[in-house]
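Written out below as structure tokens is the structure these notes cover.
2 protein chains.
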Amino acid sequence: MKPADIKKVKITDSFWGRLQELVRSEMIPYQWKALNDEIDSAAKSYCIHNFRAAARLNEKRRELGEDFKQAKFSDPGFEVWPCDGEQPQPDKFYGFLFQDTDLYKWIEAAAYSLATRPDPGLEATVDEAVKLIASAQHPCGYLDTYYLLCGMDAAFTNLQSNHELYCLGHLIEAACAYYEAAGKDGLLTVARRYADYVYERMGPEGDIPGYPGHEIAEMALARLYNVTGEKKYLELAKLFIDRRGQSPNYFDEERRAEARRLGRQYRQSPDLNRYAYHQAHMPVREQKEAVGHAVRAVYLYSGMADVGALTDDETLKKACVELWRSITREKMYITGGIGGTCVGEAFSYPFDLPNDSAYAETCAAVGLVFFARRMLEISPCGEYADVMEQALYNCVLSGMSQDGKSFFYVNPLETVPEACRKDSRLGHVKSRRQKWFGCACCPPNLARLIESVASYAITEDKNTVWLNLFMGCEFTKEVDGVSLKLSVETDMPFDGGVKLKITAPSAAYASFAIRIPHWTDKDLIEISLPDGKIQKEKDGYLYISGIWEGEEEIRLSLPMPVRIMTADKRVRECLGKAAVMRGPLVYCAEGEELALYRLNTEKKISPEQGEICGNPITLLNAGFKKLSSNSAGLYTEYRKPEETEENLRLIPYFAWNNSGEKEMRVWFRV
Amino acid sequence: MKPADIKKVKITDSFWGRLQELVRSEMIPYQWKALNDEIDSAAKSYCIHNFRAAARLNEKRRELGEDFKQAKFSDPGFEVWPCDGEQPQPDKFYGFLFQDTDLYKWIEAAAYSLATRPDPGLEATVDEAVKLIASAQHPCGYLDTYYLLCGMDAAFTNLQSNHELYCLGHLIEAACAYYEAAGKDGLLTVARRYADYVYERMGPEGDIPGYPGHEIAEMALARLYNVTGEKKYLELAKLFIDRRGQSPNYFDEERRAEARRLGRQYRQSPDLNRYAYHQAHMPVREQKEAVGHAVRAVYLYSGMADVGALTDDETLKKACVELWRSITREKMYITGGIGGTCVGEAFSYPFDLPNDSAYAETCAAVGLVFFARRMLEISPCGEYADVMEQALYNCVLSGMSQDGKSFFYVNPLETVPEACRKDSRLGHVKSRRQKWFGCACCPPNLARLIESVASYAITEDKNTVWLNLFMGCEFTKEVDGVSLKLSVETDMPFDGGVKLKITAPSAAYASFAIRIPHWTDKDLIEISLPDGKIQKEKDGYLYISGIWEGEEEIRLSLPMPVRIMTADKRVRECLGKAAVMRGPLVYCAEGEELALYRLNTEKKISPEQGEICGNPITLLNAGFKKLSSNSAGLYTEYRKPEETEENLRLIPYFAWNNSGEKEMRVWFRV
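From first to last, the protein sequence lines are chains A and B. Sequential numbering of the first sequence, starting at 1, is according to the numbering used here. Sequential numbering of the second sequence, starting at 1001, is according to the numbering used here.
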């Protein structure tokens, strides 16, 4: 199974079409300006600034030749910003040390957009950016503006923390995307040169037996192998995975070498879980629990799944299944958010899923979508697509406002604005979206996922097309030399009707695997099939097979009942509470004093047409009992509580905080 | 009103007598060993080490005279410990920069013990300690081993953070206590010399218009004035209070001067709440909300109440009332614990009182007891004694184990051992008591409060004796030349019976004010009085007045019903929950899976005799409904919960964690 080629899929869906248009018309131009520091009211990026500074260094290098001497590396820290009132210096690095990736992610998003909707202006801007990146690359192939500007002598000395391989990964992703979209190999050449250099240094014959401190290079190198057919990229990806967490730990070796350089004594921490943050606490094949920084984790697991599939490595695939289970059975919010603790932006221990102090980073949910699709590729089970859908429609989309202009980094399931302002333990939680972040990983990650969503919705092999996510689209599928024209019509995520039209110029055998979502009532699904087709259910998919000719139509009506959900008893934060879902959407309330509301589970919850910011949306009208807020004192004798019946209109979680700053809550006492 | 002189009160109470005996026989000897670093299994203190090192410096000073040159101050940081495997150097400072106070608090506790129970061995040890302290004092009177050892040139340059006046405060408290207990003025002389030096530098003519970053000197100086009659100590206390939070802020000035010294630019933080941690964000008379570090706050408020009473300053008294209300109406746990957040060990915003991540430091509850008694001294209202009792019997006593050998710094209202181990956001919460702490402020604070508890239980003026807390004791009261012998018998906190026997050798007029606790049912109190006495209720006290002669007896029976308590609706963490109290005691459950238990408020909760670690205790047998822990998955459709009826034996909160490490919980879902 492979993801659909997004060039061949035209999204016609009103829901996703609008989002893609937002990305094209708002986010991509806005983010380009942000990368260029042209937005006064937002935090400065310095991303383009850094590439320009590195390019100037190359000019100098060329001019001076052997006379070129760069100052030795003097560690400026993890993030560098000009002091208040200080003008940024043209030859200095600013931002987080992985600032380069913001440009790469932007190019990747732009590439996906260009793949389906040509835009010569945007393509010219991308070409300009590619030129800039190429001009910043070191003659040896190395490319990370942090070390290029701060001192190349220290390059690759701190793989654990300093993100050079993370930059490589995002560069490769952007390069592959742009090559596939526009057929231009300028950036691909840059990426290959950097990858070749890394192979030289870290490959089987290299001098650095390291691996990334922040994963992504693994899946990126697998992709580079797929695009170029060059085996050494897959080999390097596999090396990164195989070395990870082996003893002696490479990150220990790095710290030891650093201590030697600085003439200090090195003391190894006795903590057996050291490097769990980086998923490097044990060999990956022995890891059964998802731990550490959540984004890093799912990026690694995605890479493991890629390499597992490409090398047909059963031990890797098995580890992926274990880790998938750990996440989805014990460590995932109902919104598909992951990362229960802000400490290390990380997975907490099993079932520790606090609602108000959740981390649930947008990027981590994006990464979970990556991981889910790769698990689908290994084994087409509905469970993977269910989680993919849950993460996508809830935690991922909550990451951006309805107008595409502001973003959440952290996606809590309960907020009280006063608490966010006054409680420093909630310092990471914002009760309204921000325009841009100094560490702007999430907005461009959203953009690249939304623009490539078709490759998650639809996957295929020789004769089969899987509809994993439901969205209106048109695409073609070649089977046995026949080009089938397919079109999907649906009003998901608000209505369960799905129509798949197949137009076959001549007879061809094909299967269409339509996912039966976990949220529907399987026994009540209505299916209408053309004559002579075989229908078979397997692993959460309905396979409809047969010979197709002329115009044929499959119709499904998936019941989409309102569901009151409860959490495993070990999720202490949700004990005695319930959440409301309909279809893939988690619903929430916005308002005041929400803690006083108790969901009346006896009362029918009814869907209602509504809109948020002009976008049609299905709301839910739910009955609650509201506790009187009267209090005779801080602690008083208990009396049976006085409650009044009240209704609240619940909105989809992804659409919260689009009409001012209010309290928000997903889980209600019952 | 003044606190009773503890020398005149003999505690005969089984509950408090046992605790005082524990302090004498266990804590005082144990802590002396700890201060001397003689306990292998506990964190090292270095407290005595530091005084010895400073004393050696004085010897050198005497030997070398004008040739004595000390190295310039080089900031070693807030805490200094030898590296692993490194031997402590005899001339170096170790520990927290306020390490001296541990010895002072130990002496204070020992003094209170000696006041009622002579012990020549202990007295000799105290005298030895006093000699050591005196030998460490700088010829000028200055006394803080941190700066004495690290560089006197920097003394008083960082009052905000570096605790020299905190050390002064504890030194004075110890000196007054030992002078009152043993009549020896050796330590008092040391304390006066340091206070005189501080007066010289910070008094009205001094060069440093500062005030303490960590308060306590205010109340200590008021006490020193009471003991010595020397007005300048009261004047200095008042100056510290009056200067606090005035603009320009002295702490800003300090930082500015530091920047000047280091040749750096100083930038004032634009945060209007800066210095709220130190209660120095605005003048104290304008402060209406209790904020910042909770221990600092209640120490300051205690000092304000002392100075307000001694100078009859209505504006100060009024500020104390406002701050008292802020704490007790909005920011106090039901256990009398204060400090809702670990960030700054501080008060959080109103009604933010999380149970599992509570700070509720033992020392802060001790400080609240200090503040409460001072509020009583200003105005004898039962409310103050109610809170004093609530804090004392719950949060304060929770601070130590039944065997007096281990201690809690933080007193949560809900713990799950797994969470404490695995959730770094709960790093401050321990699920079992510790033997000693590097920062050992709490154990000696407990010791000094327990040994002086009589001065909180009983206060007096010319003709009136107030019984604020109920405990068995014998004491004498001089009225109009007649020496009344008084004795109290009671089984508090487990039974509401109180008997006060008055023996008057000749007729004398006196009033006995017996507190009517908030937890009793006022209408059901049974009172038996001798003939001819007048009984009048005022502000939560029952005043029984008349002429006493021969042996007379007042008997009260205060009903002590089990009370199910609820919190103000704005305490989000307690919504839909209830706690159980009986008398002044908050009860809790210990066990497994406590989150699954719902308190059955319909079922009678019955007291039962029991014991914990051999100590008799009243337990409560309460009915619960326990949720089945079966879970079909992480998120499943809600069904009416399956519950089974179960009983749990609740124990007094102060006695939790005396039988192994289990879950503990005060607030239950109802």
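Beta carbons: idealized from backbone N, C-alpha and C, even for Gly. These numbers were taken from a predicted model, which means no experiment stands behind them.
(Q) Tell me the residue span of the beta strand (DSSP E) that contains V1580/B. (A) K1577 to R1582
Q.
Please identify, using Cβ separations under 8 Å, the residues of the stretch 647-669 of chain A that lie next to chain B, in order along the chain.
A. R669
**Q.** Neighbour flag for M332/A against chain B, beta carbons, 9 Å
**A.** yes
Q) So is D1352/B in contact with chain A if we call contact Cβ pairs under 9 Å? A) yes
Q: Report the residues of the stretch 1611-1636 of chain B with a CB closer than 9 Å to any CB of chain A, ordered along the chain.
A: L1627, S1628, S1629, N1630, S1631, A1632, G1633, L1634, Y1635 and T1636
Q. In or out: L262/A buried (at least 16 other Cβ within 10 Å) or exposed?
A. exposed
Q) How would you list, in chain order, the residues of chain A whose beta-carbon sits under 9 Å from the beta-carbon of R1255/B? A) The premise fails here: R1255/B is roughly 16 Å from chain A at the closest Cβ pair, so nothing lies under 9 Å.
Q. Which partner residues of W1548/B appear in the DSSP bridge assignment?
A. A1508/B
Q. Near A1237/B, which residues of its chain fall below 6 Å by C-beta distance, leaving aside the five closest residues on each side in sequence?
A. E1218, L1221, A1222 and V1307
Q. Quick one: is A297/A near chain B, going by C-beta distance under 9 Å?
A. no
Q. DSSP beta-bridge partners for R669/A?
A. K577/A and R598/A
Q. Between the stretch 1310-1336 of chain B and chain A, which residues of the former have a C-beta closer than 8 Å to a C-beta of the latter?
A. T1328, R1329, E1330, M1332 and I1334
Q: Tell me, please, whether the CB atom of S756/A is closer than 9 Å to any CB atom in chain B?
A: Beyond the ends of chain A as shown, which are 1 and 670, falls residue 756/A; an answer cannot be given.
Q) Starting from S1326/B and walking both ways along the alpha helix (DSSP H), at which residues does that stretch end? A) E1314 to E1330
Q: Return the residues of the stretch 1553-1572 of chain B that lie within a Cβ-Cβ distance of less than 8 Å from chain A, sorted by chain order.
A: R1563, I1564, M1565, T1566, A1567, D1568, K1569, R1570, V1571 and R1572
Q.
With distance defined between alpha-carbon atoms, name the residue in F351/A, P493/A, T476/A and L165/A nearest to T459/A.
A. T476/A
Q. Taking the alpha-carbon positions, what's the G1229/B to A1054/B distance?
A. 31 Å
Q. Skipping 5 residues on each side, what residues in its chain have a beta carbon closer than 6 Å to that of D1013/B?
A. M1471 and G1472
Q) If you count every other CB in all the chains shown that lies within 10 Å of the CB of D40/A, and 16 or more means buried, which is it? A) exposed
Q.
According to DSSP, simplified to helix, strand and coil, what is R1432/B?
A. coil
Q. For chain B, is any of its Cβ atoms less than 9 Å away from the one on A595/A?
A. yes
Q: Please go through the stretch 1262-1303 of chain B and give each complete beta strand (DSSP E) segment of 3 or more residues, from N-terminal end onward.
A: none
**Q.** Bridge partner(s) assigned by DSSP for N1647/B
**A.** G1623/B
(Q) Per DSSP, what are the beta-bridge partners of V1479/B in this structure? (A) V1482/B
Q | Cβ-Cβ separation, L224/A to Y233/A (assumed contact under 8 Å), whole Å | A | 4 Å
Q. Under a Cβ-count criterion, where at least 16 other Cβ atoms within 10 Å of its own Cβ denotes burial, should T1566/B be classed as buried or exposed?
A. buried
Q.
For the structure I just gave you, are there three or more beta carbon pairs, one from the stretch 640-655 of chain A and one from the stretch 388-402 of chain A, closer than 8 Å?
A. yes
Q) Taking A447/A as the reference, which of I107/A, C47/A and S302/A has the closest Cα? A) I107/A
Q) Got a sec: which bits of the stretch 419-432 of chain A sit with their beta carbon under 8 Å from any beta carbon on chain B, in order along the chain? A) A419, K422, D423, S424 and R425
Q) Among G95/A, D37/A and L575/A, which residue has its Cα nearest to the Cα of C83/A? A) G95/A
Q) Which partner residues of M400/A appear in the DSSP bridge assignment? A) F407/A
Q | C-beta atoms of A1391/B and A1346/B nearer than 9 Å | A | no
Q. With distances taken from CA atoms, which of Q279/A, P443/A, F407/A and S506/A is nearest I547/A?
A. S506/A
Q. Can you tell me the Cα-Cα spacing of E1079/B and S1161/B, whole angstroms?
A. 12 Å
Q. Do C1381/B and M1375/B come within 9 Å of each other at the CB atom, strictly closer than that value?
A. yes
Q) List, in order along the chain, the chain A residues whose C-beta lies closer than 8 Å to that of A1578/B? A) Y638
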